[in-house]
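Visitor: There's a structure below that I have some questions on.
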Amino acid sequence: MSRLDIKHGIIEMGHGSGGRASATLIEELFIRHFDNSLLSQGNDQAAFNVPAGRMVISTDAHVITPLFFPGGDIGSLSVHGTINDVAMSGASPLYLAASFIIEEGFPLADLEAIVISMARASKAAGVPVVTGDTKVVERGKGDGVFITTTGIGIVPADVDISGDRARAGDLIIVSGSIGDHGIAILSSREGLEFGTAMESDSAALHTLVAAMVADVPGIRCLRDPTRGGLATTLNELARQSGVGMRIKETAIPVKAEVKGACELLGLDPLYIANEGKLVCIVAPEDAERLLTIMQKHPLAQNAAIIGTVCTDAQQMVVMATAFGGKRVVDWLAGEQLPRIC
Amino acid sequence: MKYVDEFRNGDTASALARLIRAEVKPGRNYRLMEFCGGHTHAIFRFGVNDLMPENVRFIHGPGCPVCVLPAGRIESAIRLAEEERVILCTYADLMRVPAGSRDSLHKAKARGADIRMIYSATDVLAIAQANPERQVVFFAIGFETTTPPTAAVLKIAKAMQLNNFTVFCNHVQTPPAMMHILSAGEAGIDGILGPSHVSAIIGSRAYADCCDKYRVPLVIAGFEPVDVIQSVLMLVRQINAGEAEVENQYTRAVSQTGNQKAQALMQEVFEQRPMFEWRGLGSLPESAVQIRSEYAAFDAEKRFNMKEIATADIKGCICPAVLRGVNNPDECKLFGTACTPEDPKGACMVSSEGACAAYYSYGRYRETTGTT
Chain E
45 MSRLDIKHGI
55 IEMGHGSGGR
65 ASATLIEELF
75 IRHFDNSLLS
85 QGNDQAAFNV
95 PAGRMVISTD
105 AHVITPLFFP
115 GGDIGSLSVH
125 GTINDVAMSG
135 ASPLYLAASF
145 IIEEGFPLAD
155 LEAIVISMAR
165 ASKAAGVPVV
175 TGDTKVVERG
185 KGDGVFITTT
195 GIGIVPADVD
205 ISGDRARAGD
215 LIIVSGSIGD
225 HGIAILSSRE
235 GLEFGTAMES
245 DSAALHTLVA
255 AMVADVPGIR
265 CLRDPTRGGL
275 ATTLNELARQ
285 SGVGMRIKET
295 AIPVKAEVKG
305 ACELLGLDPL
315 YIANEGKLVC
325 IVAPEDAERL
335 LTIMQKHPLA
345 QNAAIIGTVC
355 TDAQQMVVMA
365 TAFGGKRVVD
375 WLAGEQLPRI
385 C
Chain S
21 MKYVDEFRNG
31 DTASALARLI
41 RAEVKPGRNY
51 RLMEFCGGHT
61 HAIFRFGVND
71 LMPENVRFIH
81 GPGCPVCVLP
91 AGRIESAIRL
101 AEEERVILCT
111 YADLMRVPAG
121 SRDSLHKAKA
131 RGADIRMIYS
141 ATDVLAIAQA
151 NPERQVVFFA
161 IGFETTTPPT
171 AAVLKIAKAM
181 QLNNFTVFCN
191 HVQTPPAMMH
201 ILSAGEAGID
211 GILGPSHVSA
221 IIGSRAYADC
231 CDKYRVPLVI
241 AGFEPVDVIQ
251 SVLMLVRQIN
261 AGEAEVENQY
271 TRAVSQTGNQ
281 KAQALMQEVF
291 EQRPMFEWRG
301 LGSLPESAVQ
311 IRSEYAAFDA
321 EKRFNMKEIA
331 TADIKGCICP
341 AVLRGVNNPD
351 ECKLFGTACT
361 PEDPKGACMV
371 SSEGACAAYY
381 SYGRYRETTG
391 TT
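Residue numbers (my numbering), protein chains in the order written: chain E, 45 to 385; chain S, 21 to 392.
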């Protein structure tokens, strides 16, 4: 069997044919780096025992330009993204499955870098990639590489977290500064060089969630404000729960670099993506205690209470501005586009 | 953030608002037109209206670059983009503006046209250099703020002899549009909040004729909310005193004569266009620029022999009246029903600087329906 020429080689159609080239790619790249006994068995599926209780499953397709960005890459992102989606139910994630759609001509060296980063993220999180699939599409029919990951996890017995459980009087907590990921991606895209050292906040949040539910199992809602940012997540939760939200601009943590970049481009940090932050809705009597627990975790040192849930037939999110006025924080229409003037 | 936070300070704003309340005469209305979409956006984003007495009203002006571009010009750009060898580059805001027959650059892009969003005019030069076998067209729009960068890239392109680069020029001028609105007199304007960035280029002197001729005071205002409120106070004082002067609140950026380097650059590359159609305002003489004959090789209208396309505005859409300051967005039948930011029918619903989008996105129209 020929060995992969990682340094100079590229992905060819044969790597997705299911034949010998596919087997070489899987063994020398995926099995080698993901390195766990379930995957190494070489089956088309992974079989394992599960404890009794509620399970959760979540899947997420990752497409991103550029593939490598400050603070991460598509590999680590695809691990963090799905772990977070599983964890937002309060669950401990157990296993991941990963599907790769790779474009013909993609450099093997880049693919290896992505797989190594993915393996590192999965090991650090303690959530192994136990099964997977690889397809190759013709040049021009993909954008380098797309990665879909699916995760499963177990929800602790007394935890019932869901987007429809917010009640008037509950408090809203955000786990840290918003907009870091989106601005890091924007600043590293072609044609937009404003020399910030902004890094993506991409991180797996399941240990934070574990600490939170261990102390406050009655948490009502958890969600990670990814695409569409904090504003979209709050609107989603308001609609699901049939409530309104009142937030305070001065309470929302935003880094100076993110504020600056947003001012420059005419963007609003409330709508910028995050990959390592969560929004939590909790009963008022639990809020302070939960906040203290969160602030002790390295991923939520800047956690803050940003507002309250209220009765509102129109399910609006309204923000008291730092300026002393108020504004409705609406759903985003289409994509956020930079302004001209 | 320095130089931003100070101008968003709620205490300063409240103090200025108290002065305004003390100085307005209860018996009269103060109808103030903010010319620029940037001001419209700031007024809504920060809730400036909340601090104003009832008899001070903001009338939204036509200073939103994407809003005043007629559908025909966008239709022309779409046809150009659909030519096989063309890469069309434009500022992002323009992508969703409806052309005729419910089309837009966004939709053309989805159909396969090579349309690219750029952040800076110089990006277009890089795209042209990287694609020597393609024709790269810069769909240039905007007031005097974005005109100098277009002039600069035209000059560079000529020096580089870049033969696959052209500009589809749609740059318009502020003072003629202001004159037009004042001469029509239908908006009943008592004072004008003058543009911030445009004025940094053309200087405060550029509005002197306007104020003299129509006896309306104008205060050039910065784009931050405290700037806006201070400028309102300055306007109220002028109106009460019966004055009609050009005053400059935005002294940290605007001088009397403006940016003379930028003016020279515009002068070198552009000349007055005899007539240009504005959405809402109609065809206005000497209200826009065109590329000088020395730069004709880089003029997309000449290279591609582009013809004017006439398209009717959407039925029921009152964007034209909104742009002239005659109607408020929520007086339109389509507003919030057939026309939303998700599916805009009129141009004012597209850009966040557009009056309709600002009304809709910041939800002021919903407040009257009551919440708890």
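Each residue gets a CB set at the ideal place from its N, CA and C atoms; glycine is no exception.
1) I think S:PRO237 touches S:CYS56, with their Cβ atoms under 8 Å apart; what is that distance to the nearest whole Å?
2) Mind listing the chain S neighbours of E:GLU307? Cutoff is C-beta to C-beta under 8 Å, in chain order.
3) Using a threshold of 7 Å, state whether the C-beta atoms of E:VAL326 and E:PRO313 are closer than that.
4) Could you list which residues in chain S have their beta carbon closer than 8 Å to that of E:LYS185, in chain order?
5) Roughly how many angstroms lie between the CA atoms of S:ASN184 and E:GLU182, to the nearest whole one?
6) Quick one: what's got a C-beta closer than 7 Å to S:ARG51's C-beta in the same chain, skipping five residues either side?
7) Any beta-carbon of chain S closer than 7 Å to the one on E:THR365?
8) Can you check whether the CB of S:PHE318 is closer than 7 Å to the CB of S:LEU174?
9) Between the C-alpha atoms of S:PRO152 and S:ALA177, what's the straight-line distance to the nearest angstrom?
10) With the cut-off set at 7 Å, would you say S:GLN155 and S:ARG105 are in Cβ contact?
11) Just to make sure I have the definition right: I need the residues of chain E whose C-beta is within less than 7 Å of the C-beta of S:PRO245. Which are they?
12) Just grab the DSSP bridge partners of E:LYS18 for me.
13) Report yes if the C-beta distance between E:ALA361 and E:ALA282 is below 7 Å; otherwise report no.
14) E:TRP375 to E:ALA300, Cα distance in whole Å?
15) I'd like the list of long-range same chain contacts for S:MET53, defined as Cβ closer than 6 Å, with 5 residues on each side in sequence excluded.
16) For S:ASP134, which residues does DSSP report across the bridge?
17) Using a Cβ-Cβ cut-off of 7 Å, state whether S:PHE66 counts as contacting chain E.
18) Assuming the contact rule is C-beta atoms closer than 8 Å, E:VAL171 and E:ILE118 should be a hit. Round their C-beta distance to whole Å, please.
19) Starting from the C-beta of E:THR277, find all residues in its chain whose C-beta is less than 7 Å away, skip the five residues before and the five after it, and write them out in chain order.
20) Between the C-alpha atoms of E:SER102 and E:LEU249, what's the straight-line distance to the nearest angstrom?
21) Would you check if the region 160 to 178 of chain E and the region 81 to 91 of chain E touch, i.e. whether three or more CB-CB distances between them fall below 8 Å?
22) So, is the C-beta of S:THR392 closer than 7 Å to a C-beta in chain E?
23) Select from the region 25 to 36 of chain S all residues with a C-beta closer than 7 Å to any C-beta belonging to chain E, and list them in chain order.
24) Sorted by chain position, which residues of the same chain lie with C-beta nearer than 8 Å to E:VAL130's C-beta, five sequence neighbours on each side aside?
25) Using a Cβ-Cβ cut-off of 6 Å (strictly less than) and excluding sequence neighbours within five positions of E:VAL107, which residues of its own chain qualify?
26) Does the Cβ of S:PRO16 have 16 or more other Cβ atoms within 10 Å, making it buried, or fewer, making it exposed?
27) Opposite S:ARG51 in the DSSP bridges: which residues?
28) Can a CB atom of chain E be found closer than 7 Å to the CB of S:ASP70?
29) Using the three-state DSSP reduction, which class does E:HIS106 fall into: helix, strand or coil?
30) For the region 291 to 341 of chain E, which segments carrying the alpha helix (DSSP H) assignment without a break, of at least 4 residues, lie completely within its bounds, in sequence order?
31) Just the chain S side, please: which residues come within less than 8 Å of E:ALA300 by C-beta, in chain order?
32) Anyone know if the C-beta pair for S:THR331 and S:GLY120 falls short of 7 Å?
33) By Cβ distance below 6 Å, which residues in the same chain neighbour E:GLU72 in space, the five residues on each side in sequence not counted?
34) Under 9 Å between beta-carbons, which chain S residues line up against E:GLY304? List them in chain order, please.
35) On the three-state DSSP scale, how would you describe E:GLY97?
36) Would you mind working out which of E:SER122, E:THR355 and E:VAL372 sits nearest E:VAL287, comparing C-alpha positions?
Guide: The short version:
1) Within the second sequence, numbered from 1, the residue matching residue 237 of chain S stands at position 217. Within the second sequence, numbered from 1, the residue matching residue 56 of chain S stands at position 36. S:PRO237 to S:CYS56, Cβ: 17 Å. No contact.
2) The residue you call residue 307 of chain E lines up with position 263 of the first sequence. What E:GLU307 touches in chain S: MET21 and VAL24.
3) Position 282 of the first sequence, counted from the start, is the residue given in the question as residue 326 of chain E. Position 269 of the first sequence, counted from the start, is the residue given in the question as residue 313 of chain E. Cβ distance not < 7 Å, so E:VAL326 and E:PRO313 don't count as in contact.
4) For the purposes of this step, residue 185 of chain E is taken as residue 141 along the first sequence, with counting starting at 1. Within chain S, no residue comes near E:LYS185; the closest Cβ sits about 14 Å away, beyond 8 Å.
5) Residue numbering aside, residue 184 of chain S sits at position 164 when the second sequence is read from its first letter. Residue numbering aside, residue 182 of chain E sits at position 138 when the first sequence is read from its first letter. Rounded to whole angstroms, S:ASN184 to E:GLU182 spans 30 Å at the Cα level.
6) Against the second sequence, residue 51 of chain S aligns to sequence position 31. These residues qualify, in order along the chain: ARG77, ILE79, GLY208, ILE209 and ASP210.
7) Counted from its first residue, the first sequence places residue 365 of chain E at position 321. So yes, E:THR365 belongs to the interface.
8) Along the second sequence, one-based indexing puts residue 174 of chain S at 154. Along the second sequence, one-based indexing puts residue 318 of chain S at 298. Result yes, Cβ atoms of S:LEU174 and S:PHE318 sit closer than 7 Å.
9) As a position in the second sequence, residue 152 of chain S is number 132, starting the count at 1. As a position in the second sequence, residue 177 of chain S is number 157, starting the count at 1. About 13 Å.
10) In the second sequence, residue 155 of chain S corresponds to position 135, counting from 1. In the second sequence, residue 105 of chain S corresponds to position 85, counting from 1. Taking 7 Å as the Cβ cut-off, S:GLN155 and S:ARG105 qualify as a contacting pair.
11) Looking up residue 245 of chain S in the second sequence gives position 225. The contacting residues are PHE367.
12) In this structure chain E extends from 45 to 385, so residue 18 of chain E is not present and cannot be described.
13) As a working mapping, residue 361 of chain E is identified with position 317 in the first sequence. As a working mapping, residue 282 of chain E is identified with position 238 in the first sequence. A small fix is needed here, since residue 361 of chain E is Val in this sequence, not Ala. In this structure, E:VAL361 places its C-beta atom within 7 Å of the C-beta atom of E:ALA282.
14) As a first step, residue 375 of chain E must be located in the first sequence, where it is residue number 331. As a first step, residue 300 of chain E must be located in the first sequence, where it is residue number 256. Roughly 24 Å separates the two Cα atoms.
15) Within the second sequence, the letter at position 33 stands for residue 53 of chain S. Closer than 6 Å at the Cβ level, and outside the excluded window around S:MET53, lie ILE79, GLY81, ILE209, ILE212 and GLY345.
16) Start at 1 with the first residue of the second sequence, and residue 134 of chain S comes out as number 114. S:ILE107, per the DSSP bridge assignment.
17) As a working note, residue 66 of chain S is residue 46 in the second sequence. It does: the Cβ of S:PHE66 has a partner Cβ on chain E nearer than 7 Å.
18) Position 127 of the first sequence, counted from the first residue, corresponds to residue 171 of chain E. Position 74 of the first sequence, counted from the first residue, corresponds to residue 118 of chain E. About 17 Å; that fails the 8 Å criterion.
19) Reading the first sequence from its first residue, position 233 is the one you call residue 277 of chain E. The residues are ARG267, PRO269 and VAL323.
20) Here residue 102 of chain E refers to the residue found at position 58 when the first sequence is read from its first residue. Here residue 249 of chain E refers to the residue found at position 205 when the first sequence is read from its first residue. Spanning the two alpha carbons is a distance of roughly 15 Å.
21) Short answer: they touch.
22) Numbered from 1 along the second sequence, position 372 holds the residue referred to as residue 392 of chain S. Reliability of the predicted coordinates at S:THR392 is poor, the pLDDT of 33 falling under 50, and the value obtained from them is presented with this limitation in mind. For S:THR392, the answer is yes, since a Cβ of chain E falls inside 7 Å of its Cβ.
23) ARG28, GLY30, ALA33 and SER34
24) The sequence position of residue 130 of chain E within the first sequence is 86, counting from 1. Correct list, in chain order: VAL100, ILE101, SER102, PRO137, GLY195, ILE196, GLY197 and HIS250.
25) Locating residue 107 of chain E in the first sequence gives position 63, where the first residue counts as 1. Excluding sequence neighbours, E:VAL107 sits near PHE190.
26) Nothing about residue 16 of chain S can be reported from this structure: the residues present for chain S run from 21 to 392 only.
27) For this step, residue 51 of chain S is matched to residue 31 along the second sequence. The partner list for S:ARG51 (beta bridge, DSSP) reads S:ARG77.
28) For the purposes of this step, residue 70 of chain S is taken as residue 50 along the second sequence, with counting starting at 1. Cβ-Cβ to chain E under 7 Å: yes for S:ASP70.
29) Reading the first sequence from its first residue, position 62 is the one you call residue 106 of chain E. Three-state result, E:HIS106: strand.
30) 300 to 309 and 328 to 340
31) What you label residue 300 of chain E is simply residue 256 of the first sequence in a count that begins at 1. Contact note: E:ALA300 reaches chain S through MET21, using a C-beta cutoff of 8 Å and chain order.
32) As a working note, residue 331 of chain S is residue 311 in the second sequence. As a working note, residue 120 of chain S is residue 100 in the second sequence. Yes, these two residues count as a Cβ contact at 7 Å.
33) For the purposes of this step, residue 72 of chain E is taken as residue 28 along the first sequence, with counting starting at 1. Contacts found: LEU48.
34) In the first sequence, counting from the first residue as 1, residue 304 of chain E sits at position 260. In chain order: MET21 and VAL24.
35) Locating residue 97 of chain E in the first sequence gives position 53, counting from the first residue. Looking at E:GLY97 - three-state DSSP - the assignment turns out to be coil, as it is neither helix nor strand.
36) For the purposes of this step, residue 287 of chain E is identified with residue 243 of the first sequence, where counting begins at 1. For E:VAL287, the nearest C-alpha among the options comes from E:THR355.
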